[in-house]
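Written below as structure tokens is the structure these notes are about.
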Amino acid sequence: METTIASPRPKSARAVSTESSDRLGLLRAALGYIEERHWDVVLGTSVERENGVWSCSCGDRRCAAIGAHPAMRDWHKRISAQPSRAYEWWTEHPQGSIILPTGRAFDVLECSEEAGLLALARLERHGANPGPVAAAPNRRLYFFVLPNSRTKVATVLAGLGWGRTALDLACRSAGDYIVAPPSRMGIRGQVQWVRGPAEAARWLPDPEEVLAPLAYACGLHRAR
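Residue numbers (the numbering used here): 14 to 237.
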């Protein structure tokens with residue numbers, strides 16, 4: 014008996030158009046954050062280059078965060094977890110960075126790349142769950158932890174003896190944001206996942222689980 018093999022179903026014009034305009038994968042990533050992680054997103058600015066000069070799509074020639082801030086001044090009111098809104102934003106602005114508001118589904122502990130990698134190695138060596146970790150091209154690391162952590166972070170650091178020490182360790186919580194992979198950030202390159210929000214790093218840790226090695230690494234780096 015002859016076997017009939019079905020021809021692959023042709024892609025819709027919308028799907029083909031989306032793939033061709035999403036060369037940087039930003040729309041795909043934004044939809045993934047919404048649909049797989051249930052994270053909110055906001056459209057960010059993009060990095061532009063004309064006649065060898067780098068600039069931000071916001072139009073401010075002195076912008077200190079090229080391609081790395083929300084595209085809209087009232088971004089707090091534009092936060093969305095609707096796939097249709099993400100499709101609209103990144104179809105119209107395919108190079109716009111992905112902004113993830115903090116203090117909602119997660120907070121972020123930010124530190125230097127050197128200190129963060131040292132802390133990450135210690136956490137993994139002890140079998141702890143560091144959660145998702147992203148690296149920005151400005152040599153900063155982002156550790157994703159449970160939301161509403163700002164007060165707890167201050168309390169835990171004080172309990173660890175770091176309360177009066179100026180550490181290069183910040184908690185990004187309500188009212189703040191980070192630039193998410195694979196967005197381009199400034200002229201240095203893209204934000205990348207060190208540990209992506211996949212199954213291995215799916216559950217966000219309590220900040221208390223990662224603060225001790227982070228504070229130690231930040232203190233060690235500060236002493237150099």
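The C-beta atom is built at its ideal place from N, Cα and C for all residues, glycine as well.
None of the values given here were measured: they were computed from a predicted structure.
Out of Val146, Gly57, Ala179 and Thr164, which one is the CA nearest neighbour of Ser210? Going by the sequence as given, residue 210 is Pro instead of Ser. It is Val146 whose Cα lies nearest to the Cα of Pro210.
The beta strand (DSSP E) spanning Pro96 covers which residue range? Element bounds for Pro96: not the beta strand (DSSP E) but the alpha helix (DSSP H), Pro96 to Glu105.
Continuous beta strand (DSSP E) stretch holding Val207: start and end: Gln205 to Arg208
Does Ser162 pass the burial test, meaning 16 or more other C-beta atoms within 10 Å, or should it be called exposed? buried
With 16 as the cutoff for other CB atoms within 10 Å, does Arg192 come out buried or exposed? As written in the sequence, residue 192 is Val, which differs from the Arg given in the question. Buried, since its Cβ has 16 or more Cβ neighbours within 10 Å.
Smallest Cα separation from Ala238: which of Asp53, Met85 and Ser110? An answer regarding residue 238 cannot be provided, because it is not within the stretch 14 to 237 covered by the chain.
Please classify Pro114: does DSSP put it in a helix, a strand, or coil? strand
Using 9 Å as the threshold, is the C-beta distance between Cys184 and Val166 below it? yes
Note down the Cα distance separating Ala132 from Arg74, rounded to an integer number of angstroms. 37 Å
Under DSSP, the alpha helix (DSSP H) around Val54 begins and ends at which residues? Careful: Val54 lies outside any alpha helix (DSSP H) and carries neither H nor E.
Given this structure, state the Cα-to-Cα distance separating Leu56 from Gly45, to the nearest angstrom. 14 Å
In chain order, what residues of the same chain lie with their CB nearer than 6 Å to the CB of Gly144, ignoring the 5 residues before and after it? Phe157, Ala214, Leu217 and Pro218
Residues that DSSP places opposite Cys69 in a beta bridge: Val60
The segment 222-233 touching the segment 120-130, judged by at least three CB pairs closer than 8 Å: yes
Validate contact between the segment 80-92 and the segment 109-118 using beta carbons, cut 8 Å, 3 pairs: yes
CA nearest to the CA of Trp103, picked from Asp189, Leu39, Val207 and Trp206: Leu39
Using the Cβ count rule (16 or more neighbours within 10 Å means buried), how would you classify Asp87? exposed
Only counting the same chain, and skipping five residues up and downstream in sequence, which positions put a Cβ closer than 6 Å to that of Ala148? Leu154, Gln205 and Val207
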